[in-house]
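Which chain is which? The protein sequence lines are V and Y, in order. If you're matching positions, the first sequence starts at 1 in the UniProt record's numbering and goes up one per residue. If you're matching positions, the second sequence starts at 1 in the UniProt record's numbering and goes up one per residue. I have placed the structure first, in the form of structure tokens, so that the comments after it can refer back to it.
2 protein chains.
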Amino acid sequence: MLATILYAPGDVRVEQRDEPTIQRPTDAIIRLSATCICGSDLWPFRGANPVTSPMAMGHEYCGVVVEVGSEVKTVRPGQFVVGSFVLSDNTCPHCRYGFHSSCEQREFMTGGQAELARVPLADGTLIATAEMPPDDLIPSLLAASDVLGTGWYAADAARVQPGSTVVVVGDGAVGLMGVLAAKQLGADRIIAMSRHKSRQDLALDYGATDIVAERGEAGVARVRDLTRRIGADAVLECVGTQESMQTAIDCARPGSMIGYVGVPHGVTFDGQALFFAQRGMIGGPAPVRRFLPQLMDLILTRQINPGRVFDLELPLRDAAEGYRAMDERRAIKTLLRL
Amino acid sequence: MLATILYAPGDVRVEQRDEPTIQRPTDAIIRLSATCICGSDLWPFRGANPVTSPMAMGHEYCGVVVEVGSEVKTVRPGQFVVGSFVLSDNTCPHCRYGFHSSCEQREFMTGGQAELARVPLADGTLIATAEMPPDDLIPSLLAASDVLGTGWYAADAARVQPGSTVVVVGDGAVGLMGVLAAKQLGADRIIAMSRHKSRQDLALDYGATDIVAERGEAGVARVRDLTRRIGADAVLECVGTQESMQTAIDCARPGSMIGYVGVPHGVTFDGQALFFAQRGMIGGPAPVRRFLPQLMDLILTRQINPGRVFDLELPLRDAAEGYRAMDERRAIKTLLRL
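This is the structure:
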């Protein structure tokens, strides 16, 4: 089968690999309906994370079950399933607390940019639809696997409520999904920080009420003007750099929460500065599994259309071009067709 | 009048000073009924904060109003009042949001370890009792001004709820008040980290169900054993050092909140470690004013007795000995009689 392998920064190849097999009785094998490239895949592609050995890329996935291990009870071959990029058992205390991404058995999905993939902890991780979904919903269902679930978690972590004024830092795919989530959670005002026209347009379509194109201190000043110098009730940090994190802190009002989902790279916080700023923070890999049933329902009933975040579609064999297009910001997010 | 002045680390003197006067029409002058020494007063006393000029010490206070400025409407001479250590207008957006400690007009109280004190922003800051409280309640009412309000905020910030398992890091006066607050907020299990017998005893009296005497990694291991390796639902950090903050993070379960009220000294957080730990945090100077009406009611109806945290009483003129006793851990907290 075809699979996407990263050999070194900038060197990603689609090549023939052995098909995955059941390795543990809790595994499932799925045939991907579509897969995609994540902003976080760019960290190793750009050399920001080390690549010590060839990496089987891809952690966003949906598709049809082809085989299950002997202990799998909740999904069966022939069903269409969506799963989180974090594999979890859905039974441990952390899962029951809603933090599946800290599951006692947590693993991170790999090898999803391929024709077939092994999904460990299938019972805890996968959710099947009642019937085969129409083709045009596949991109949105795929998005639920990570990018939508992550944007949703950012909004949930930032405690967006009906009437909230929200700032979304970052106009990547996760930030755009954060806008969508904030809208669904009832935010009154959604300020999207973005300086790219196509992303601004999509943010506005997803419910942003204001666009701030400035960055850093100028961006913060603009947000403070827009919020009558109070700051936002909730901030979604969807980048992961020192500057973006500082922007998030400075845009938030005292006593508010910042949900940060951009994996921090080279970020440190000064305890005393954070103390006197009196901003709350919670981040981490998104517990997508908590939100997945609700998100799949919103998609299947066509209440949301997160799939619009894919602005480039390529066949799987051209995955390398998909990486380059995202790296060079020619694409927000690349869908890989199978 | 007598007032307490810090001239240099270790050099605190009680000496004659001019009586305070109304400087702004929103000021009040109060005659202290009692005052006390705060754990945070030890930072400059120990040289951990610089002392660049003589400092009029004391920010915890209660007493009788003797004079008010022309714009003060809610308190009048003769009334007994309690105020927060943070002065706030109680009308700005941050106050209305419950974060009086980030008030647009925020000032920090000074000069409270004296016979008389000036309280700026009197209308927003002071709360009068209906009648003169009995003498035996003065220590508890004084405690509401900061140490109780700060412990309460830690529990509120950590989102202690009925049934919660709570860890309190730090057995200083604030930590002990955190135990009291967690109990009042309905915590099922309260694990107090303390290695001093007298503090352990008071913690148990205030509602602690478990004592962990170990520190650092050993303390964390003990807490994890006590919580079936899950971690606590809520953690109150009441120290402010790198070690205590790390202990708080390591004792908390993923998805929980840490309320940190020990002013961080030399503390930094690594963004990526905090991200993957998936712990939430909010700290800052306590918005005591938010809680003050409720706390005063609990005290006046004798439902709580925070005043027991004072285990040393001295006349104001012996304040220096009070500082030394706390510095040398001979006393948890010193009440200064007037």
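Glycine is no exception: its CB is placed at the ideal position from the N, C-alpha and C atoms.
Can you find a heavy atom of the ligand NAP that lies under 6 Å from the Cβ of residue i?
i: G231 of chain V; result: In the structure on display, the ligand NAP does not appear, and there are no ligands present to speak of.
Starting from residue i, follow the alpha helix (DSSP H) in both directions and report where the run begins and ends.
i: D297 of chain Y; result: V288 to L300
i: A252 of chain V; result: Here A252 of chain V belongs to no alpha helix (DSSP H); instead the beta strand (DSSP E) covers A252 to Y260.
i: A155 of chain Y; result: V147 to A157
i: E321 of chain Y; result: A319 to D327
i: Q278 of chain V; result: Per DSSP, Q278 of chain V belongs to no alpha helix (DSSP H) and is neither H nor E.
i: Q200 of chain Y; result: K197 to Y206
i: V174 of chain Y; result: A173 to Q184
i: I138 of chain V; result: I138 to A144
i: C103 of chain V; result: Segment: none, C103 of chain V is in no alpha helix (DSSP H) and carries neither H nor E.
i: D223 of chain V; result: Residue identity check: residue 223 of chain V is Val in the sequence provided, not Asp. Taken as a continuous stretch (DSSP letters only), the alpha helix (DSSP H) holding V223 of chain V covers G216 to L226.
i: R96 of chain Y; result: P93 to R96
i: P44 of chain Y; result: L42 to F45
What is the C-beta distance between residue i and residue j, in whole angstroms, given that I count them as a contact (C-beta under 8 Å)?
i: G112 of chain V; j: G186 of chain V; result: Rounded, the Cβ-Cβ distance is 33 Å, inconsistent with contact.
i: P293 of chain Y; j: I22 of chain Y; result: Going by Cβ atoms, the distance from P293 of chain Y to I22 of chain Y rounds to 26 Å, so no, they are not a contact pair.
i: V166 of chain Y; j: A182 of chain Y; result: 4 Å
i: D327 of chain V; j: L42 of chain V; result: 6 Å
i: L338 of chain Y; j: E115 of chain Y; result: 6 Å
i: A68 of chain V; j: A28 of chain V; result: Looking at the sequence shown, residue 68 of chain V is not Ala but Val. Right, their Cβ atoms sit about 5 Å apart.
i: H100 of chain V; j: P315 of chain V; result: With a Cβ gap of about 32 Å, H100 of chain V and P315 of chain V do not count as contacting.
i: T26 of chain V; j: V86 of chain V; result: Not quite, the Cβ-Cβ distance comes to about 15 Å (not below 8 Å), so this is no contact.
i: I191 of chain Y; j: V160 of chain Y; result: Actually they are not in contact, since the Cβ atoms of I191 of chain Y and V160 of chain Y sit about 12 Å apart, beyond 8 Å.
i: L176 of chain Y; j: L202 of chain Y; result: 6 Å
i: P20 of chain V; j: A117 of chain V; result: 6 Å
i: C95 of chain Y; j: V82 of chain Y; result: With 8 Å as the limit, C95 of chain Y and V82 of chain Y do not qualify as a contact, their Cβ atoms being about 17 Å apart.
In chain order, what residues of the same chain lie with their CB nearer than 7 Å to the CB of residue i, ignoring the 5 residues before and after it?
i: L180 of chain Y; result: G151, Y206, G207, I304 and P306
i: S40 of chain V; result: V263
i: A325 of chain V; result: L312, A331 and T334
i: I249 of chain V; result: I258, A277 and R279
i: C36 of chain Y; result: E60, L142, F310, K333, T334, L335 and L336
Does any C-beta atom of chain A lie closer than 7 Å to the C-beta of residue i?
i: Q278 of chain Y; result: In summary, chain A is missing from the structure at hand, where the protein chains are V and Y.
Classify residue i as buried or exposed, calling it buried when 16 or more other Cβ atoms lie within 10 Å of its own Cβ.
i: Q278 of chain Y; result: buried
i: D136 of chain Y; result: exposed
i: F108 of chain V; result: exposed
i: P77 of chain Y; result: exposed
i: A130 of chain V; result: exposed
i: S84 of chain Y; result: buried
i: M132 of chain Y; result: exposed
i: G255 of chain Y; result: buried
i: E60 of chain Y; result: buried
i: R24 of chain V; result: exposed
i: P285 of chain V; result: buried
i: P134 of chain Y; result: exposed
i: E8 of chain V; result: In the sequence on display, residue 8 of chain V carries Ala and not Glu. Under this definition A8 of chain V is an exposed residue.
i: T52 of chain Y; result: exposed
i: P120 of chain V; result: buried
i: A218 of chain V; result: exposed
i: G124 of chain V; result: buried
i: S198 of chain Y; result: exposed
i: T247 of chain Y; result: buried
i: R229 of chain V; result: exposed
i: G170 of chain V; result: buried
Considering only residues of the same chain and omitting the five flanking positions on each side of residue i, which have a CB-CB separation below 8 Å?
i: V12 of chain V; result: T4, I5, L6, F45, M57, A319, A320 and Y323
i: V174 of chain Y; result: G39, V147, T150, G151, A154, C238, V261 and G262
i: A221 of chain V; result: E214
i: L2 of chain Y; result: V14, E15, Q16, R17, A114, E115, L316 and R317
i: C92 of chain Y; result: C103, E104 and Q105
i: Q242 of chain Y; result: G266, V267 and T268
Taking residue i as part of the beta strand (DSSP E), name the residues at either end of that continuous run.
i: R7 of chain V; result: One point to set straight first is that residue 7 of chain V is Tyr, not Arg, in the sequence displayed. Start and end: L2 to A8.
i: G63 of chain Y; result: Y61 to V68
i: G83 of chain Y; result: F80 to G83
i: V267 of chain V; result: No beta strand (DSSP E) contains V267 of chain V, which DSSP labels as neither H nor E.
i: L335 of chain V; result: T334 to R337
i: R118 of chain V; result: L116 to V119
Residues in its own chain within less than 6 Å of residue i by CB, not counting five upstream and five downstream?
i: A157 of chain V; result: G259 and I282
i: Q184 of chain Y; result: none
i: A252 of chain Y; result: G231, A232, V235, I258 and R279
i: M55 of chain Y; result: L6
Using a Cβ cut-off of 8 Å, which residues of the stretch 72–105 of chain Y contact any Cβ in chain V, in chain order?
P93, H94, Y97, G98, F99, S101 and S102
Can you pull out the residues from the stretch 244–265 of chain Y whose beta carbon lies closer than 8 Å to at least one beta carbon of chain V? M245, R253, P254, G255, M257, Y260, V263, P264 and H265
- Task: Using a Cβ-Cβ cut-off of less than 8 Å, give me the residues of the stretch 159–193 of chain V that come near chain Y, in sequence order.
- Result: none
Using Cβ-Cβ distances below 9 Å, what residues of the stretch 278–299 of chain V are close to chain Y?
Q278, R279, G280, M281, I282, G283, G284, P285 and P287
message = For the stretch 192–218 of chain Y, list every residue whose C-beta sits within 8 Å of some C-beta in chain V, in sequence order.
response = none
| request: Determine which residues of the stretch 220–241 of chain Y have a Cβ less than 7 Å from any Cβ of chain V, and write them out in chain order. | output: I230
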